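Keeping their order, the protein sequence lines are chains A and B.
0 is the number of the first residue of the first sequence in numbering that gives the first Met the number 0; add one for each residue after it.
0 is the number of the first residue of the second sequence in numbering that gives the first Met the number 0; add one for each residue after it.
To keep things clear, I will list the structure first and then write my remarks on it.
Protein chains: 2
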Amino acid sequence: MTYSQQHFTERANIIKAVAHPVRLFFVEELSQQERCVCELTALVSLDISTVSKHLSVLKNAGLVCDDKRGNQVFYRLRTPCVLNFLNCVEAVINNSDAELTCCTTCK
Amino acid sequence: MTYSQQHFTERANIIKAVAHPVRLFFVEELSQQERCVCELTALVSLDISTVSKHLSVLKNAGLVCDDKRGNQVFYRLRTPCVLNFLNCVEAVINNSDAELTCCTTCK
DNA sequence: CATCTGCTTGGCTATATTGCCAAATAGATG
DNA sequence: CATCTATTTGGCAATATAGCCAAGCAGATG
């Protein structure tokens, strides 16, 4: 395989969007139901401006979309397939010292 | 859902390991075959110390493991399930303006 | 045992990210 | 239309990340 800087940067940027505890939580939360910014803010106890910026990162990555109704903005997950990855993350965590059931064995 | 800082930080750290173009490339490359550090270095044209640090990030995250033979260190992917995620990343990229075939529709 | 090769670690600089506050914007309401 | 609420944007400070070079270390080789 050859390393194409641009190809992998494009993909890494999408992954990076999920690579933050708050944004990861939002992805899981929004997979259950849509939420407005103020609801999400209450859930994580951060400044609303911080929450808004996290949401714009997810939106720019194409992972969530938003819908303005009244003066509230509702976000929802656009890509439930990202949840597939989380199963693997759980496997990594639960089997850090043992064999990974979903994965190849590696001492 | 409630936001547990520690829970999501632990998971985000694993995702963060893959959220870099060079490390993402290594994950894909190592899914095909094991490689020593000098081979990977040649593929990405970075200083070998930089490559070594990227590999240690992947290793600390539990995603790859290494095997020293002679004076070479061979790395290989420990968790092929991370590749599942890449399919979703492709879907996000190919359908940024249209509906995601694997995902919910979202204007 | 001196030296070479392959790799890792320490240390530094440049850059990116995160989170807060303050200010701006947009829709709703009196 | 003044004001309130919900959200976004700008700007700043603190922290984290990425890359290089130099130095260290371990196994192989002469």
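Here a beta-carbon is modelled for each residue, glycine too, at the ideal position from N, C-alpha and C.
None of the values given here were measured: they were computed from a predicted structure.
Q.
Does the contact criterion of 3 or more C-beta pairs under 8 Å hold for the segment 1 to 16 of chain B versus the segment 8 to 28 of chain A?
A. yes
Q) Going along chain B, which residues have a C-beta under 8 Å from A/Q4? A) Sequence index remark: in the first sequence, residue 4 of chain A carries index 5 (1-based). Simply P20.
Q) In chain B, what lies closer than 9 Å to A/I47 by C-beta? A) Translated into positions along the first sequence, residue 47 of chain A becomes position 48. By Cβ distance, chain B contributes nothing, its closest Cβ being about 15 Å from A/I47, past 9 Å.
Q: Report back the beta-carbon spacing between B/L88 and A/I13 to the nearest angstrom; my notes put them in contact at under 8 Å.
A: Here the question's residue 88 of chain B lines up with position 89 in the second sequence. Here the question's residue 13 of chain A lines up with position 14 in the first sequence. The sequence shown places Val at residue 88 of chain B, not Leu. The pair is a contact, with the Cβ atoms about 5 Å apart (cut-off 8 Å).
Q: Tell me whether B/R68 is buried or exposed, calling it buried when 16 or more other Cβ atoms sit within 10 Å of its Cβ.
A: Counted from its first residue, the second sequence places residue 68 of chain B at position 69. By the neighbour-count rule (16 or more Cβ atoms within 10 Å), B/R68 is not buried but exposed.
Q. Going by C-alpha distance, which of A/S48, A/A16, A/E33 is nearest A/D65?
A. For this step, residue 65 of chain A is matched to residue 66 along the first sequence. The option with the nearest alpha carbon to A/D65 is A/E33.
Q: Report the three-state DSSP secondary structure of B/V88 (helix, strand or coil).
A: Position 89 of the second sequence holds residue 88 of chain B. In this structure, B/V88 counts as helix in the three-state DSSP scheme.
Q.
Counting only beta-carbon separations shorter than 9 Å, does B/S44 have a partner in chain A?
A. Stepping through the second sequence from its first residue, residue 44 of chain B is reached at position 45. Yes, because at least one Cβ of chain A sits closer than 9 Å to the Cβ of B/S44.
Q | Straight-line gap, A/R77 to A/N70 (C-alpha atoms, nearest Å) | A | Here the question's residue 77 of chain A lines up with position 78 in the first sequence. Here the question's residue 70 of chain A lines up with position 71 in the first sequence. Whole-angstrom Cα-Cα distance: 22 Å.
Q: Find out if the Cβ-Cβ distance for the pair A/V36, B/F84 is shorter than 9 Å.
A: Taking the first sequence and counting its residues from 1, one reaches residue 36 of chain A at position 37. Taking the second sequence and counting its residues from 1, one reaches residue 84 of chain B at position 85. No. Outside cutoff.
**Q.** Three-state secondary structure assigned by DSSP to B/K106
**A.** Here residue 106 of chain B is taken as the residue at index 107 of the second sequence, counted from 1. Residue placement at B/K106 is flagged as unreliable, the pLDDT there being 37, under the threshold of 50; the coordinate-derived value follows with that caveat. In this structure, B/K106 counts as coil in the three-state DSSP scheme.
Q. If you drop the 5 nearest sequence neighbours on each side, which residues of the same chain put their C-beta closer than 8 Å to that of A/S51?
A. Residue numbering aside, residue 51 of chain A sits at position 52 when the first sequence is read from its first letter. The residues are V36.
Q. Which bits of chain B does A/T8 rub up against, with CB to CB less than 7 Å?
A. By 1-based counting over the first sequence, the position of residue 8 of chain A is 9. P20, listed in chain order.
Q: Show which residues of chain A have a CB atom less than 7 Å away from the CB atom of B/Q71.
A: Locating residue 71 of chain B in the second sequence gives position 72, counting from the first residue. In chain order: nothing, as chain A lies at least about 17 Å away.
Q: Give the residues of chain A in contact with B/E28, contact being defined as C-beta atoms less than 7 Å apart.
A: Counting from one through the second sequence, the residue named residue 28 of chain B turns up at place 29. Within 7 Å Cβ-Cβ: M0.
Q) Is B/E38 close to chain A, meaning its C-beta is less than 9 Å from at least one C-beta of that chain? A) Stepping through the second sequence from its first residue, residue 38 of chain B is reached at position 39. Cβ-Cβ to chain A under 9 Å: no for B/E38.
**Q.** Exposure of A/A41, with buried meaning 16 or more beta-carbon neighbours within 10 Å
**A.** The count along the first sequence starts at 1 and reaches residue 41 of chain A at position 42. Exposed: under 16 other Cβ atoms inside 10 Å.
Q. Using 9 Å as the limit for Cβ to Cβ distance, is A/K107 near chain B?
A. Outside the displayed span of chain A (0 to 106) sits residue 107 of chain A, for which this structure offers no information.
Q.
Can you list, in chain order, the residues of its chain with a C-beta nearer than 7 Å to that of A/S30? Leave out the 5 residues immediately preceding and following it.
A. Translated into positions along the first sequence, residue 30 of chain A becomes position 31. Hits under 7 Å: L76, P79, L82.
**Q.** alpha helix (DSSP H) segments (min. 4 residues) lying fully within the segment 28 to 59 of chain B
**A.** 36 to 43, 47 to 59
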